[in-house]
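Novice: Numbering (this note's numbering), first residue to last: 1 to 395.
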Ligand code: RFL
Ligand code: PHB
């Protein structure tokens with residue numbers, strides 16, 4: 001068995017774990033990161049696409065935003081489409097100049113992995129059977145197998161950045177955590193298609209047949225989603241049926257056409273809201289999807305992970321530089337205020353834009369929401385300030 005030591009043991013090499021390792025390195029704090037998938041798998045996993053104003057700024061300020069600045073698409077708004085008409089929400093005008101950047105999460109992951117490896121960072125890919133031990137003591141440890149060898153790393157702190165299905169959250173005694181959860185009665189069927197995006201900005205469309213979203217990954221690649229059942233069988237969705245359904249849900253009386261192209265990837269995602277409180281147990285801290293999930297309609301998941309990382313990195317810096325534990329003790333409380341506001345916004349976007357349940361009163365309310373939001377500058381500004389991202393917490 002191989003034994004070693006580090007300051008911070010990080011489980012997971014998604015955006016949360018990778019950005020944490022990068023920020024800690026900038027503060028002169030050492031970490032080791034363990035990931036059960038391969039590097040190639042992590043770099044190809046297609047997920048989020050929208051970076052909040054503050055997320056893009058943080059990546060740029062910390063030296064990992066070069067390619068994002070070159071290849072990311074700056075968007076100054078989104079379209080809400082309902083009753084076959086589009087309504088533009090202009091972000092800079094409503095938020096004092098803020099915008100969003102459309103840049104794939106897997107591109108962020110690639111950039112962060114490259115930066116970590118260039119800085120001599122240790123990321124162990126393809127590890128097996130990770131367990132965390134001794135969280136209540138001063139030296140928690142990570143135990144796992146890597147390339148056939150059993151390893152134990154003794155740490156000052158452990159960062160659980162291993163997503164919703166990871167091992168860190170379940171290793172906390174259940175009676176120490178309070179779980180809040182909402183499972184939505186719908187899912188998203190998402191595709192990537194080799195075709196230029198049919199719109200300069202994202203279109204969120206509410207239609208009698210269900211919600212649809214047009215997004216993109218580059219000037220040549222479109223990303224589209226359709227509301228479906230959470231257990232939708234992809235085998236029932238040949239490419240032709242997907243395009244036909246998208247055509248119907250985006251139908252508009254305006255002069256506009258949805259361009260079709262070869263579909264290169266398909267997947268179904270169930271939708272849930274989930275928060276665990278607190279986000280820490282002894283010297284184990286949970287970050288990103290390990291602690292909370294939002295339905296994707298508000299484009300908040302990746303951005304929340306980044307906000308947690310920012311708070312935790314500062315708390316660790318205060319601990320190692322000045323011996324202060326106050327921020328570490330308040331980590332959960334600070335993060336949860338933002339988390340719940342993002343849950344609220346994502347829940348509102350999801351309910352307002354999706355159809356379902358057969359409750360006609362609720363459907364009318366959702367239509368009225370859209371009518372109100374697109375007709376009132378105050379309501380539009382509320383949407384815009386949440387979408388571009390609320391200001392980061394003072395820490
Ligand atoms: P991740 O990305 O899930 O990374 C966790 C990592 O931990 C690894 N892991 C383990 N490693 C070792 N041992 C174990 N036992 C392990 N178990 C798991 C995993 O392999 C993985 O590498 O979590 P993280 O870092 O917290 O990042 C969160 C984001 O990935 C997530 O919130 C977003 O993708 C959500 N999301 C969106 N967020 C946005 O901000 N904007 C969007 O536009 C957006 N769109 C989306 C989304 C998520 C979607 N899906 C597929 C759920 C659209 C979709 C369709
Ligand atoms: C995406 O581009 O994948 C995307 C964009 C906006 C969302 C969700 C996903 O709300």
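No residue lacks a Cβ here, since even glycine has one placed at the ideal position from N, Cα and C.
(1) On the three-state DSSP scale, how would you describe residue 7?
(2) Do residue 153 and residue 18 have their CB atoms nearer than 8 Å?
(3) Write down the C-beta distance between residue 351 and residue 366 rounded to the nearest angstrom, noting that I regard them as a contact closer than 8 Å.
(4) For residue 266, which of helix, strand or coil comes out of DSSP?
(5) According to DSSP, is residue 103 part of a helix, a strand, or is it coil?
(6) Considering only their Cβ atoms, is the gap separating residue 192 from residue 202 smaller than 8 Å?
(7) Tell me which residues share the same chain as residue 95 and place their Cβ nearer than 6 Å to its Cβ, disregarding the 5 neighbours each side in the sequence.
(8) Identify the residues that DSSP records as bridge partners of residue 152: which are they?
(9) I want to know whether the stretch 27-45 touches the stretch 125-132 - three or more CB-CB distances under 8 Å.
(10) Going by beta carbon distance, what residues of the same chain come within less than 7 Å of residue 331, once the five residues before and after it are set aside?
(11) Counting C-beta neighbours from all protein chains within 10 Å, is the total for residue 283 16 or more, i.e. buried, or is it exposed?
(12) Per DSSP, residue 205 is paired with what?
(13) Restricting to Cα atoms, I'd like to know which of 148, 305, 123, 219 is closest to residue 55.
(14) Would you tell me roughly how many angstroms separate the C-alpha atoms of residue 168 and residue 155, rounded to the nearest one?
(15) Quick check: does the Cβ of residue 162 come within less than 7 Å of any heavy atom belonging to ligand 1?
(16) Determine the closest residue to residue 121 out of 24, 75, 92, 275, with distance taken between C-alpha atoms.
(17) Indicate the three-state DSSP secondary structure (helix, strand or coil) for residue 237 in the structure shown.
(18) Please report the Cβ distance between residue 73 and residue 102, rounded to the nearest whole angstrom; I am assuming they are in contact, meaning their Cβ atoms lie under 8 Å.
(19) Going by the CB atoms, is the gap between residue 303 and residue 51 shorter than 8 Å?
(20) Between 77, 256, 13, 108, which lies nearest to residue 57 when the distance is taken from Cα to Cα?
(21) With 16 as the cutoff for other CB atoms within 10 Å, does residue 359 come out buried or exposed?
(22) May I ask you to verify whether the stretch 266-277 touches the stretch 290-300, counting CB pairs closer than 8 Å and requiring at least 3?
(23) In the DSSP output, which residue or residues are listed as bridge partners for residue 387?
(24) Taking C-beta to C-beta, are residue 49 and residue 97 nearer than 8 Å?
(25) Within 10 angstroms of its Cβ, does residue 300 collect 16 or more other Cβ (buried), or is it exposed?
(26) Are residue 225 and residue 189 touching if we call contact CB-CB under 8 Å?
Specialist: Let me lay it out:
(1) Here residue 7 refers to the residue found at position 7 when the chain shown is read from its first residue. Correct three-state label for residue 7: coil.
(2) Reading the chain shown from its first residue, position 153 is the one you call residue 153. Reading the chain shown from its first residue, position 18 is the one you call residue 18. The answer is no: Cβ separation not under 8 Å.
(3) Your numbering for residue 351 matches position 351 in the chain shown. Your numbering for residue 366 matches position 366 in the chain shown. About 6 Å separates the two Cβ atoms, so the contact holds.
(4) For the purposes of this step, residue 266 is taken as the residue at position 266 of the chain shown. Of the three classes helix, strand and coil, the one that applies to residue 266 here is strand, per DSSP.
(5) Stepping through the chain shown from its first residue, residue 103 is reached at position 103. Three-state DSSP puts residue 103 in coil, outside helix and strand.
(6) If you number the chain shown from 1, residue 202 lands on position 202. If you number the chain shown from 1, residue 192 lands on position 192. For residue 202 and residue 192, no; Cβs fall outside 8 Å.
(7) In the chain shown, counting from the first residue as 1, residue 95 sits at position 95. Excluding positions up to five away in sequence, the list reads 384, 385, 388.
(8) For the purposes of this step, residue 152 is taken as the residue at position 152 of the chain shown. Bridge partners of residue 152: 3, 143.
(9) yes
(10) The count along the chain shown starts at 1 and reaches residue 331 at position 331. Hits under 7 Å: 279, 280, 285, 311, 312, 315.
(11) Taking the first residue of the chain shown as position 1, residue 283 is located at position 283. So residue 283 ends up on the buried side.
(12) As a working mapping, residue 205 is identified with position 205 in the chain shown. Note: residue 205 sits in a beta bridge opposite 81, 212.
(13) Position 55 of the chain shown, counted from the first residue, corresponds to residue 55. Measuring from the Cα of residue 55, the nearest candidate turns out to be 305.
(14) As a working mapping, residue 168 is identified with position 168 in the chain shown. As a working mapping, residue 155 is identified with position 155 in the chain shown. Using only the alpha carbons, I get a separation of about 15 Å.
(15) To locate residue 162, count along the chain shown from 1; it is residue 162. At least one heavy atom of ligand 1 is nearer than 7 Å to the Cβ of residue 162, so yes.
(16) Residue mapping note: residue 121 aligns to position 121 of the chain shown, counting from 1. Here the closest residue by C-alpha is 24.
(17) Walking along the chain shown from the start, residue 237 turns up at place 237. Residue 237: coil per DSSP, three-state reduction.
(18) Working through the chain shown from its first residue, we reach residue 73 at position 73. Working through the chain shown from its first residue, we reach residue 102 at position 102. About 4 Å separates the two Cβ atoms, so the contact holds.
(19) In the chain shown, counting from the first residue as 1, residue 51 sits at position 51. In the chain shown, counting from the first residue as 1, residue 303 sits at position 303. Yes, they are a contact pair.
(20) Numbered from 1 along the chain shown, position 57 holds the residue referred to as residue 57. When only C-alpha atoms are compared, the closest one is 108.
(21) Within the chain shown, numbered from 1, the residue matching residue 359 stands at position 359. So residue 359 ends up on the exposed side.
(22) yes
(23) Taking the first residue of the chain shown as 1, we reach residue 387 at position 387. The partner list for residue 387 (beta bridge, DSSP) is empty, contrary to what the question assumes.
(24) Position 49 of the chain shown, counted from the first residue, corresponds to residue 49. Position 97 of the chain shown, counted from the first residue, corresponds to residue 97. Against a cut-off of 8 Å, the Cβ pair of residue 97 and residue 49 comes out as no contact.
(25) Reading the chain shown from its first residue, position 300 is the one you call residue 300. That one is buried.
(26) Counting from 1 along the chain shown, the entry for residue 225 is found at position 225. Counting from 1 along the chain shown, the entry for residue 189 is found at position 189. In contact: residue 225 and residue 189 (Cβ atoms closer than 8 Å).
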